[in-house]
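Quick notes on the structure that follows.
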Amino acid sequence: MERIFEKKVVKFGGSSLASAEQFKKSADIIKAEESRRFVVPSAPGKRCGNDTKVTDLLISCYKKSASGEDWSADFAEIKSRYNDIISGLGLNVSLDAEFEVISENLKKGTTQDYTASRGEYLNGIILANYIGYEFVDAAEVIFFDAEGRFDADKTNEVMSKRLADVKNAVVPGFYGSSPDGSIKTFSRGGSDITGAIVSRAVCADIYENWTDVSGFLMCDPRIIDDPRPISIITYRELRELSYMGASVLHEDSIFPVKVAGIPINIRNTNRPEDSGTLIVPSAEGYNSGDLITGIAGKKGFAIIRIEKDMMNQELGFGMRVLKVFADRGIPFEHLPSGIDTMCVVINENDIKDIEDEIITDICKAVNPDHIDISHSIGLIAIVGRNMAGTPGTAARIFSALARVGVNIRMIDQGSSELNIIVGVEEKSFNRAIKSIYLEFCIEYELQDC
Ligand code: ADP
Ligand code: ASP
Ligand code: MG
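Residue numbers (our numbering): 1 to 449.
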């Protein structure tokens, strides 16, 4: 029997609201079910391949204004994006007063976060008018603390009260406010997080995230042509894949819904008939024959390899190495190690310009026999809840990589056996992903037939 959902939160991404035509598709989806009561819009995204997202235009205005350059052309483009949507929808709405406020604030030297957030704010006003829902400014219901961290408790308390008696509302994505009242945004792609926060606050039955692909795919569609969609994935698997570059859903979107156990459904605005991917707290009861749930990867890492005989017997060795990074506020990504070697995998951007100083500090801290650094490393995560307890998975990954001549620079497997991460040179990155995909995902497709 099909489950009946009484209350849904629906988030529409930038491509779903990039033009009047896309707005109409999104509105049809909202209106198709009364349960779609709370809507979270992104700013207008790209209408085609070489288009610019409104958020990027806004950030460009901010940067130009901060450095004294002329930002009027970018601002004119932003206005025309919104005005085209308004006229294409036949709405009797004017955003001129809002444009004036933003322009004045830019002249007065406002912040990047305020400027970037206006993309969602203005799109929210248009959408609320178009579908006849109440507009609730995210600045009134989403809060950050003085250190810039999202304040989940205060947000949930205020937002759940504010929305308790509201039948239908549009809450713009991506931003909230700081204790001093200034606007603060999440990191890029953060409207997904707003959707999850609203879902928790209204105790939604499901959080639908409408985008431009028919669900979470087993691999990045920009690397593999037409990858298989994932029908069911757990929160934990999704977080691993999102963090490692499967950018379809912001990795921090999981936390608010996890607290309340609300499932997320990724859907395609351009193909609403597709059922998409269901993201669930636990996969119990949903059986998938796939050993691997998905593959994702990110480039731009460096590996610092430290060798010292008898390292394992030197108490506090690892702690002293890591302190070098902690003292400079540099997070590390992975720490694969052997008896006499320790590798620290870090984001290359974090050590740009200070590489020599870091090496000197490590030498002072632990006096290694040898230390070297490899650049341009890509990390690939092979994620799957069914890998736990299945022997031979790592061997199959190695042989898939060997088959296409890819050298493995690093390997790391968490003790939960949910994922295996391999580091390869960036030049072999796409080849490595393709070969792993063919090894695990195509074979299962054949078995399914
Ligand atoms: P939105 O603007 O709707 O938030 P995003 O651009 O943030 O959409 O995310 C959707 C895009 O994520 C897709 O168009 C696709 O190019 C990319 N993507 C990367 N990895 C995956 C994956 N594993 N599955 C689906 N899409 C992926
Ligand atoms: N508009 C913001 C961005 O481009 C947030 C989002 O789309 O989720 O990053
Ligand atoms: Mg997104």
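Even glycine gets a Cβ: it sits at the ideal position worked out from N, Cα and C. Quick caveat, the model's predicted, so the values are computed rather than measured.
Straight-line gap, R431 to D290 (C-alpha atoms, nearest Å): If I take the Cα positions, the gap works out to 22 Å.
Of the choices R396, A394 and S374, whose alpha-carbon is the least far from that of E426? Measuring from the Cα of E426, the nearest candidate turns out to be S374.
Closest by C-alpha distance to A381, when choosing among M410, A365, V9 and Y130: Minimum Cα distance to A381 is reached at M410.
Taking V321 as the reference, give the member of D51, G173, K364 and D356 with the closest Cα. Taking V321 as reference, the option from D51, G173, K364 and D356 with the minimal CA-CA separation is K364.
Touch test, the stretch 6-18 against the stretch 205-221, Cβ-Cβ under 8 Å, three pairs minimum: Yes: the two stretches touch, three or more of their Cβ pairs being nearer than 8 Å.
For my contact list, I233 and T293 are in at a C-beta cut-off of 8 Å; report their separation, rounded to the angstrom. Between I233 and T293 a beta carbon distance of about 6 Å is seen, short of the 8 Å cut, so the two are scored as contacting.
Tell me, please, whether the stretch 171-181 touches the stretch 131-149 by the rule of three or more beta-carbon pairs shorter than 8 Å. Three or more beta-carbon pairs drawn from the stretch 171-181 and the stretch 131-149 are found closer than 8 Å, and the two stretches are therefore classed as touching.
Would you call P44 buried or exposed, if buried means 16 or more other Cβ atoms sit within 10 Å of its Cβ? A residue is called buried once 16 or more other Cβ atoms fall within 10 Å of its Cβ, and P44 is buried on that count.
Going by the DSSP bridge assignment, what does G378 pair with across the sheet? V424, per the DSSP bridge assignment.
Would you kindly work out how many angstroms separate the C-alpha atoms of Q447 and D165, rounded to a whole number? Confidence at Q447 is low in this model, with a pLDDT of 44, below 50, so the placement of that residue is unreliable and no value is reported for it.
Touch check for the stretch 253-265 and the stretch 199-207: three-plus C-beta pairs under 8 Å? A contact exists between the stretch 253-265 and the stretch 199-207.
Can you tell me whether K184 is helix, strand or coil according to DSSP? It is a strand residue.
Own chain partners of I224 with C-beta closer than 6 Å, once the 5 adjacent residues on each side are dropped: Its chain contains Y437 as the residues whose beta carbon lies nearer than 6 Å to that of I224, once the 5 sequence neighbours on both sides are disregarded; these appear in chain order.
Give the secondary structure of R73 by DSSP, where H, G and I count as helix, E and B as strand, and everything else as coil. Checking the sequence shown, residue 73 turns out to be Ala, not Arg. In this structure, A73 counts as helix in the three-state DSSP scheme.
Less than 8 Å between the C-beta atoms of K184 and D74, yes or no? For K184 and D74, no; Cβs fall outside 8 Å.
Buried or exposed: where does E333 fall if 16 or more other Cβ atoms within 10 Å of its Cβ makes it buried? Residue environment: E333 is assigned as buried (16 or more neighbouring CB atoms within 10 Å of its CB, all protein chains considered).
On the DSSP letters alone, give me the boundaries of the alpha helix (DSSP H) that D412 sits inside. Looking at the DSSP string, D412 is not in any alpha helix (DSSP H); the run it does join, the beta strand (DSSP E), is I408 to Q413.
Complete alpha helix (DSSP H) runs within the stretch 11-74 (minimum length 4 residues, chain order): Counting only runs of 4 or more, we get 20-32 and 54-66.
Between the C-alpha atoms of A388 and G88, what's the straight-line distance to the nearest angstrom? The straight-line gap from Cα to Cα measures roughly 52 Å.
From the DSSP output, read off the bridge partner residues of M452. Nothing about residue 452 can be reported from this structure: the residues present for the chain run from 1 to 449 only.
Restricting to Cα atoms, I'd like to know which of F325, V9 and I442 is closest to S191. Nearest in C-alpha terms to S191, of all of F325, V9 and I442, is V9.
Under a three-way DSSP split, which group does D96 fall into? The answer is helix: DSSP assigns D96 an H, G or I state.
Which of the three DSSP states is assigned to C449 in this structure? Interpretation of C449 is limited by its pLDDT of 34, a score under 50 that renders its predicted location unreliable; the figure taken from the coordinates is listed afterwards. Three-state DSSP puts C449 in coil, outside helix and strand.
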